[in-house]
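Chemist: According to this note's numbering, the sequence shown is numbered sequentially starting from 170. Note that beta-carbon positions come from the ideal geometry of N, C-alpha and C, so glycine has one too. Since the model is a prediction, treat every value here as computed from it, not as a measurement.
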Amino acid sequence: MHSIDTQLFRKTFGALSTGVTVITTLDAQAERFGVTANSFTSVSLDPPLVLWSQSSTSRSHAAFRDSDRFVIHILADDQSPISDRFARSGGDKFVGLDIEDGIEGLPIIRGCAAYLECRKIAAYPGGDHVIFLGHVEHLVRHDREPLVYKNGQYLPTAGAPALSQAAA
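#1: Given residue 280, which residues of its chain have a CB within under 7 angstroms of its CB, disregarding the five upstream and five downstream residues?
#2: Expressed to the nearest angstrom, what Euclidean distance is found between the alpha-carbon atoms of residue 275 and residue 240?
#3: Going straight from the alpha carbon of residue 317 to that of residue 229, what length do you get?
#4: Alpha carbon to alpha carbon, how far is residue 289 from residue 305? Give it in angstroms, no decimals.
#5: Report yes if the CB atom of residue 309 is closer than 9 angstroms to the CB atom of residue 234, and no otherwise.
#6: How would you call residue 214, buried or exposed, if buried means at least 16 neighbouring beta carbons within 10 angstroms?
#7: In angstroms, rounded to a whole number, what distance separates the CA positions of residue 314 and residue 216?
#8: Skipping 5 residues on each side, what residues in its chain have a beta carbon closer than 8 angstroms to that of residue 277?
#9: Quick one: residues in its chain with C-beta nearer than 7 angstroms to the C-beta of residue 320, no 5 flanking neighbours on either side, listed in chain order?
#10: Who are the Cβ neighbours of residue 255 in its own chain at under 8 angstroms, not counting the five residues just before and after it?
#11: Beta strand (DSSP E) containing residue 298: first to last residue?
#12: Ignoring anything shorter than 4 residues, give me the alpha helix (DSSP H) runs that lie fully in the segment 184 to 262, in order along the chain.
#13: With respect to the beta strand (DSSP E) encompassing residue 264, which residues constitute its N-terminal and C-terminal limits?
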């Protein structure tokens, strides 16, 4: 088996345009956690299933691992600052955000293009990540353009400003 250069692997996937999501949850003490992820996709229409993955070394990993629920926010094209905020480690990422309570009090970030409230039904090891499978129990779709990411940059969409650089 050939060894793959991790930087080249990352750059190769950077050639693929993706939507940008923020996933949120609550831990057992009702503390809010969130993370930016572009590893999100639908799995099944019947039942409605989605998946996303998270690094097993992420500071918020224990909260997602131990929680039975999560919310996937498909960010709108003007929400790159929210993407950047949740991509960084540490601090209270929810300070100053317009939040509402979803199912069982999970934090929902207002202004997104869409959000899906999910019950976690499985978690699978995937190398240095864990793959979470969720059953969509409620969703909302707004008439907003999604935030798109490619080659380390946010891409402009209809009526959006020029490119901006994402946080590392």
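Modeler: Once the coordinates are examined:
#1: Start at 1 with the first residue of the sequence shown, and residue 280 comes out as number 111. 245, 248 and 267.
#2: Residue 275 sits at position 106 when you count from the first residue of the sequence shown. Residue 240 sits at position 71 when you count from the first residue of the sequence shown. Roughly 7 angstroms separates the two Cα atoms.
#3: Sequence index remark: in the sequence shown, residue 317 carries index 148 (1-based). Sequence index remark: in the sequence shown, residue 229 carries index 60 (1-based). Roughly 24 angstroms separates the two Cα atoms.
#4: Within the sequence shown, the letter at position 136 stands for residue 305. Within the sequence shown, the letter at position 120 stands for residue 289. Each residue's Cα considered, the two are about 9 angstroms apart.
#5: For the purposes of this step, residue 309 is taken as residue 140 along the sequence shown, with counting starting at 1. For the purposes of this step, residue 234 is taken as residue 65 along the sequence shown, with counting starting at 1. For residue 309 and residue 234, no; Cβs fall outside 9 angstroms.
#6: Residue numbering aside, residue 214 sits at position 45 when the sequence shown is read from its first letter. Label assigned to residue 214: exposed.
#7: For the purposes of this step, residue 314 is taken as residue 145 along the sequence shown, with counting starting at 1. For the purposes of this step, residue 216 is taken as residue 47 along the sequence shown, with counting starting at 1. The alpha-carbon atoms of residue 314 and residue 216 are separated by roughly 26 angstroms.
#8: Translated into the one-based positions of the sequence shown, residue 277 becomes position 108. 193, 240, 242, 268, 269, 270, 271, 284 and 286.
#9: Against the sequence shown, residue 320 aligns to sequence position 151. Around residue 320: 183 and 184.
#10: In the sequence shown, residue 255 corresponds to position 86, counting from 1. If we look at residue 255 and ignore the five residues flanking it on each side, its Cβ neighbours are 191, 203, 204, 205 and 262.
#11: Indexing the sequence shown from 1 puts residue 298 at position 129. Residue 298 -> beta strand (DSSP E) spans 298 to 310.
#12: 230 to 235 and 249 to 256
#13: By 1-based counting over the sequence shown, the position of residue 264 is 95. Taken as a continuous stretch (DSSP letters only), residue 264 belongs to no beta strand (DSSP E), as it is neither H nor E.
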